[in-house]
Every structure is written in C-alpha cells, then in structure tokens.
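*Asks:* Structure below; questions to follow.
Residue numbers (UniProt numbering): 1 to 633.
This is the structure in structure tokens:
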C-alpha cells in the first residue's frame, strides 16, 4: 500500500510540474486567440496524462492505475470540451500504445470522464470553474469516478483493486483535480489583476512611468510614448533617457533618478521649464518615488509628470495684473491718508478724498476718524455699513483704525476699494486706498475661468459624463450625507459586455462612438436632480443615486439596460449580436454594514460580476440590509 501512495504522489508531482510550466508559458502567449490557448491547455493536460501513465501503479498484466481521469476531467471543467477532447485523444492514444488487458476498460473510462466533464462544463455556464465550492465539487466527482470505473474490471480484479488501491486512487484523483483547479483559478486571478494594473498605468492621464535600477523603462503609459515619438507604450520598454533625449538632458535626468534611488527620498513636484526641439515651450511638474520590494530592497522608481503650462500662464497673468495695478495706484490713483495717535487726520491727498465722494467733506485735515465713519454711514456710502448703524458701532468701527489690516470695501456706487492700514512704531496710521474695481472684476473673471476649468477637469473628455475623480468626490459627499440624515444611497456599476471584442472587431474609433452612445443613454436614464452619471474607467460607468431605495435603483438599472439594448448597435463578438451592458446595483442604509464608500462600490462591483456570471445583459443586486420603509408623517 505504501508503494501505491508513493507512486501516485510522485505522479501528482509530475502533473503539477507540467501544469505549472503551462501557466508560465500561457502568460507569455496571452495575446493568442482563445481557441489556441484552449488547445494549448488541452495539449498540456494530454502530456500530463501521458506522464501520469508512465508513472502509473502496475496492477496485474496490462492493468495500470494513474491520475489520467482527474486530468481529463480537469481539462473539461477548467478548459472546456475543446481542451478536454485533445487531452482525451492524447490519453487514449497513449493508453492504446501501452497495450495490455486493461486497454479496453481504460479507453471506456476515458470516454466516460470526457463526457461527464464536458457536461459539467455546459451545466456550469460554459466557463471555467473558479470558486472554491465548484472546484471542490469537481474534485469530489473525480474521486468518485476513479473508484466507479474500477467496475469495468472483471469482478475478481475489481474486489482486489478496491482493497489494494481504492483509497489512494480516490484521494489522489481528488487532490489532483483540486490542485489543478485552485492553481488555474489563482493564475487567472493573478493575470487579471496584473492586466488591470497594467491597463490602469498605461492608460492613465498625465505622464506615468516605472523604471528599474538601470534607468530602463519597465512600464510607461501612452502619453509618455507619444511624447517621445512612439505610437505604443510597449515601445518604451527597455529604453533609457539616453535613447530619447540629448546627452546632457539625459545625464541630468538619470542623475536625479540615481539620487532618488540612492537616498530613498522622493522628488516631490519639481517644476521645470523645457524648450524641446520641434515642440512649444512647456512647464512640467515631476514627482519621483523609490520602489522597494517586500524585503525592502530598492527595485526602481515610479514617476509622474504633469503638464502645468496652463497653470503657470494663469499665475503669470494674475501676478502681472496685480503688479500693473500696484504701479497704477502708486503713480496715479492711490489715495493716501495719515492719522495721528489721537485718531485725527494729519494728511490726506486729493485722490483719497475723490475715492469717497459722498463723505469727502469730512475727510480733511484735523477730522477725527469717528466723524469720517459717521459721515460714511449717514450718506450710505459703503455697502457693509447700514445707514441706521448705531453710535456704539460707529465708535467701535473707529477703533479698528489702529489695527494692521487689509480690507476690500464695497461702495454703494458699484466700486471696490482696497484699504491697507499700517500702524507705525510711533502709533501713527498710514491708510492707502486704491480703486480695485478693475482688478476685482479681473479676479471674478479668473474665478469664473477657474470654475470652467474645474468643470473640464471633472468631465470625461470622450463621453461628456463626470469623470472618476468627480464621481469619487460625489460618492464621499453623498455617503456622508446618507449616514448623517438616514436616507438610502444607491450605486450602479455598468460594464459594456464584450467591449474588447467590439474594439477588436470594429476598431477604436467605433469603440469610442459606442461608449458615447452608451454614455448618452445612461445620462438620459439617471436624469433626476442629484443623480450623477460618470465614466468609471474604460468601458465601465457608474451612477450615483442619492435618496434612492433598491426598488427604484433596480428600475433605473433596468431602464439603462433595456435602453442600451434598444439602441441595436451591432456587435458580432457578443452572444446577443448587439451591444449590451451588465449592471451591478447596491443600496446603502444605516442598517447595512458598510464602513466607507469604497466598500459600497465593492459591493456594487460584486453585483456586477454576478450579472456577468449569470450570462451578461442583466442587472445584479447586492442587498446589504433590510431597508426600512418610512411612513409619511
């Protein structure tokens, strides 16, 4: 019995090695069509089955026991009937080649397992099993089949086989299927996570890149590639700044990066003005941080560069405006007054009096500050001083003369004055008054421009919806409001089904057009006051629905789904023949155990994956808690 366990354990090790080699090779050939990768898995499993038969337990003349049945079933449930067929043919051919009395039962067993495994594939939704319960179920089936097929042997051999190798066969076939299933599921998740990370980096705005210790680009996004005359980000891999920039510039960049990696200190928001050949002068802000592995060893650096030219131009314009205004006040339009320690006017120029026409008669040498304030109030000259201001308030306003301050005074005639008050060491007071109406209007214009730019920064350029940053800010705001005032908050995540296939089939321009159509449809469905539709990333969209319970959220989700289906956009790569979307919905209430907005989005994302797993073109819903229906008061 011990020999049987040892042989089959070695058998399992050989199978694991072959499957491991396949997963590493398949990642290298990830760009191959799915059918070729399926065939590759079938060939790999076929080789594993052949290796298993070579390392089999000999049971009588021509009768062998191994792990081929678990391997064939694994090929079926984790790779599909195509992969299983290749594996079964290879296993059957090799078993026929080995010959012996057990050939016929062995071939029959291979056929039975192929059919059952393929049936399980179809019943499982025509996709690889990836969850632990389904993998363990497949492993249990493999163990049961391994003992069941022993019935194909003659009765005497069957009894002896069950007694001598029954337990090892069941346990090792179970272990083989479970090991293959969990390993392939882990590898698929690993590949997906790595692809998502790579896509997020390469498709991000601004200029993002990662370099190794030798200053070679490991990853760079499309903006970096285009800036350096490359059409694809992959063309940047392996290059250094010496390959892209003049020698002096390259040495400068590499010296800075070497300092970051040597000291471990990041470079934060380093601004520089660059004039590059064939390109207009630009301002850039660069940040670079060192990267360390889990052991703390330096492995490279990550950098992000932002084009801040527009920001610099705005700052320059603002500084220029202020400088010009200051010069004008000094030379032409400023009003100047000096007050003594007793609060009386020592000196004032005509510009000072002219700036306050309604109270000019009181602004003269020898006048006390309270007299000036009283004249200003009684004549309604300042917007911030009501005409019925009481005497105590007038006296208090006069006392503020002896405080260093900068004030902006709105006059009732529509002008704005800047009042700068400075107290000298001998308690004299200098008051400088300037007409800043023009500058105030410029500031308001710049503020309006900044608001418009903020709107552009919060809008997705392709679809016109809010972008991810705007959505995240809105989610934080509405989540806190929902928690404070106890109202429901619903979130929808929307993903265009088979969008990569759509891009591959019709091209990226048509893909962009498709996303625009989907975005318009989503915006039309989420049109209530407070609703926020946003592009979440790539072909994913998100909708924020404040004060919305689950029933209403699902209705809106169904409206989005059906409206997009009704567009009838042809999609040959979809199982439905048209462009469809899958949606995940969830709702936050005080009863739900959701600690933060990110967890709420994660629940919606889980609902989206449930919709995907259920066949796409549908709405998945994650209920976090029983909702309380508030009765009208």
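Cβ atoms here follow ideal geometry from the backbone N, Cα and C, with glycine treated the same way.
Hey, could you find the ends of the alpha helix (DSSP H) residue 376 is sitting in?
*Replies:* Locating residue 376 in the chain shown gives position 376, counting from the first residue. Residue 376 -> alpha helix (DSSP H) spans 369 to 378.
*Asks:* Three or more C-beta pairs under 8 angstroms: does that hold for the stretch 67 to 75 against the stretch 91 to 110?
*Replies:* As far as the Cβ criterion goes, the stretch 67 to 75 touches the stretch 91 to 110, which means the pair count is three or higher.
*Asks:* Around the C-beta of residue 361, are 16 or more other C-beta atoms found within 10 angstroms, so that it is buried, or is it exposed?
*Replies:* For the purposes of this step, residue 361 is identified with residue 361 of the chain shown, where counting begins at 1. Flag for residue 361 reads exposed.
*Asks:* For residue 352, does the count of other Cβ atoms within 10 angstroms reach 16, so buried, or fall short, so exposed?
*Replies:* As a first step, residue 352 must be located in the chain shown, where it is residue number 352. Its Cβ being crowded by 16 or more others within 10 Å, residue 352 is buried.
*Asks:* Who does residue 542 pair with in a DSSP beta bridge?
*Replies:* Here residue 542 corresponds to residue number 542 of the chain shown, with the count starting at 1. Answer is 493, 534.
*Asks:* Is residue 614 helix, strand or coil by DSSP?
*Replies:* As a position in the chain shown, residue 614 is number 614, starting the count at 1. It is coil, neither helix nor strand.
*Asks:* Note down, in chain order, each residue of its chain lying with its Cβ closer than 7 angstroms to the Cβ of residue 467, except the 5 sequence neighbours on either side.
*Replies:* Your numbering for residue 467 matches position 467 in the chain shown. Excluding positions up to five away in sequence, the list reads 458, 459, 460, 534, 535.
*Asks:* Between the C-alpha atoms of residue 618 and residue 557, what's the straight-line distance to the nearest angstrom?
*Replies:* Counting from one through the chain shown, the residue named residue 618 turns up at place 618. Counting from one through the chain shown, the residue named residue 557 turns up at place 557. So the alpha carbons of these two residues sit roughly 9 angstroms apart.
*Asks:* Indicate the three-state DSSP secondary structure (helix, strand or coil) for residue 59 in the structure shown.
*Replies:* The sequence position of residue 59 within the chain shown is 59, counting from 1. Correct three-state label for residue 59: coil.
*Asks:* I'd like to know if the stretch 80 to 94 and the stretch 133 to 141 are in contact, where contact means that at least 3 CB-CB pairs between them fall below 8 angstroms.
*Replies:* No: the two stretches stay apart, fewer than three of their Cβ pairs being nearer than 8 angstroms.
*Asks:* Grab me the residues of residue 10's own chain with a C-beta within less than 7 angstroms of its C-beta, minus the 5 sequence neighbours each way, in chain order.
*Replies:* Position 10 of the chain shown, counted from the first residue, corresponds to residue 10. Cβ neighbours of residue 10 beyond the five flanking positions: 55.
*Asks:* Using the rule of at least 16 other Cβ atoms within 10 Å of the residue's Cβ for burial, across every protein chain shown, is residue 349 buried or exposed?
*Replies:* Here residue 349 refers to the residue found at position 349 of the chain shown. That one is exposed.
*Asks:* Does the stretch 568 to 576 come close enough to the stretch 594 to 609 that 3 or more CB-CB pairs lie under 8 angstroms?
*Replies:* Cβ pair count under 8 angstroms is below three, so no.
*Asks:* Leaving out five residues before and five after residue 372 in sequence, what residues of the same chain have Cβ atoms less than 7 angstroms from its Cβ?
*Replies:* On the chain shown, position 372 is the one that residue 372 refers to. Excluding sequence neighbours, residue 372 sits near 359, 362, 363.
*Asks:* For the candidate residues 211, 295, 238, 277, whose alpha-carbon lies nearest to that of residue 257?
*Replies:* Walking along the chain shown from the start, residue 257 turns up at place 257. If we check each option's Cα against that of residue 257, 211 comes out closest.
*Asks:* Quick check on residue 581: does DSSP put it in helix, strand or coil?
*Replies:* To locate residue 581, count along the chain shown from 1; it is residue 581. Residue 581 falls in the strand class under three-state DSSP.
*Asks:* Could you tell me the distance, in whole angstroms, from the CA atom of residue 125 to the CA atom of residue 141?
*Replies:* Counted from its first residue, the chain shown places residue 125 at position 125. Counted from its first residue, the chain shown places residue 141 at position 141. Those two C-alpha atoms are separated by around 18 angstroms.
*Asks:* Would you call the stretch 284 to 292 and the stretch 411 to 431 in contact, with 3 or more CB pairs under 8 angstroms?
*Replies:* Not touching, per the Cβ criterion.
*Asks:* May I have a chain-ordered list of the alpha helix (DSSP H) segments no shorter than 4 residues that lie completely inside the stretch 429 to 485?
*Replies:* Listed in chain order, they are 437 to 457, 468 to 485.
*Asks:* For the stretch 285 to 327, list the beta strand (DSSP E) runs that are entirely contained and at least 3 residues long, ordered along the chain.
*Replies:* If we require 3 residues or more, the beta strand (DSSP E) runs fully inside the stretch 285 to 327 come out as 298 to 307.
*Asks:* Would DSSP call residue 235 helix, strand or coil?
*Replies:* Sequence index remark: in the chain shown, residue 235 carries index 235 (1-based). If DSSP states are grouped into helix, strand and coil, residue 235 belongs with the helices.
*Asks:* Would you mind working out which of 612, 421, 254, 601 sits nearest residue 496, comparing C-alpha positions?
*Replies:* In the chain shown, counting from the first residue as 1, residue 496 sits at position 496. Here the closest residue by C-alpha is 612.
*Asks:* Within the chosen definition, does the stretch 171 to 189 reach the stretch 141 to 150 through at least 3 CB pairs nearer than 8 angstroms?
*Replies:* Touching, per the Cβ criterion.
*Asks:* Which whole-angstrom value is the C-beta distance of residue 525 and residue 554, which I expect to be below 8 angstroms?
*Replies:* Within the chain shown, numbered from 1, the residue matching residue 525 stands at position 525. Within the chain shown, numbered from 1, the residue matching residue 554 stands at position 554. That belief does not hold up - the Cβ atoms of residue 525 and residue 554 are roughly 12 angstroms apart, past 8 angstroms.
*Asks:* Starting from the N-terminal side, write out each stretch of the beta strand (DSSP E) that is 3 residues or longer and does not extend beyond the stretch 52 to 126.
*Replies:* Taking only runs of at least 3 residues, no beta strand (DSSP E) segment lies wholly in the stretch 52 to 126.
*Asks:* In the DSSP assignment, find the alpha helix (DSSP H) that holds residue 248 and state where it starts and stops.
*Replies:* Sequence index remark: in the chain shown, residue 248 carries index 248 (1-based). Its alpha helix (DSSP H) spans residues 247 to 263.
*Asks:* Going by DSSP, which residues form a beta bridge with residue 273?
*Replies:* On the chain shown, position 273 is the one that residue 273 refers to. Paired residues: 283.
*Asks:* Roughly how many angstroms separate the alpha carbons of residue 622 and residue 592, rounded to a whole number?
*Replies:* Taking the first residue of the chain shown as 1, we reach residue 622 at position 622. Taking the first residue of the chain shown as 1, we reach residue 592 at position 592. For residue 622 and residue 592, the distance between alpha carbons rounds to 11 angstroms.
*Asks:* Pop quiz: residue 227 and residue 209 are said to be a contact at Cβ under 8 angstroms. What is the actual Cβ separation, rounded to whole angstroms?
*Replies:* Numbered from its first residue, the chain shown carries residue 227 at position 227. Numbered from its first residue, the chain shown carries residue 209 at position 209. Contact doesn't hold; Cβ gap of about 10 angstroms is too wide.
*Asks:* Three Cβ pairs or more, each shorter than 8 angstroms: is that satisfied between the stretch 510 to 528 and the stretch 485 to 499?
*Replies:* Yes, the stretch 510 to 528 is in contact with the stretch 485 to 499.
*Asks:* Between residue 471 and the rest of its own chain, which residues show a CB-CB distance below 6 angstroms, the 5 nearest in sequence each way excluded?
*Replies:* Here residue 471 refers to the residue found at position 471 when the chain shown is read from its first residue. Around residue 471: 534, 542.
*Asks:* Please classify residue 131: does DSSP put it in a helix, a strand, or coil?
*Replies:* Within the chain shown, numbered from 1, the residue matching residue 131 stands at position 131. In this structure, residue 131 counts as coil in the three-state DSSP scheme.
*Asks:* How many Å lie between residue 721 and residue 540 at the Cα?
*Replies:* The question about residue 721 has no answer here: the residues shown for the chain are numbered 1 through 633.
*Asks:* With residue 587 and residue 549 assumed to form a contact (beta carbons below 8 angstroms), what rounded beta-carbon distance in angstroms separates them?
*Replies:* In the chain shown, counting from the first residue as 1, residue 587 sits at position 587. In the chain shown, counting from the first residue as 1, residue 549 sits at position 549. Contact flag correct, Cβ pair sits at about 6 angstroms.
*Asks:* For residue 217, which beta-bridge partners are listed by DSSP?
*Replies:* Counting from one through the chain shown, the residue named residue 217 turns up at place 217. Residue 217 is bridged to 211.
*Asks:* DSSP has residue 337 in a bridge; who is on the other side?
*Replies:* Within the chain shown, residue 337 is the residue found at index 337, counting from 1. Its beta-bridge partners are 348, 431.
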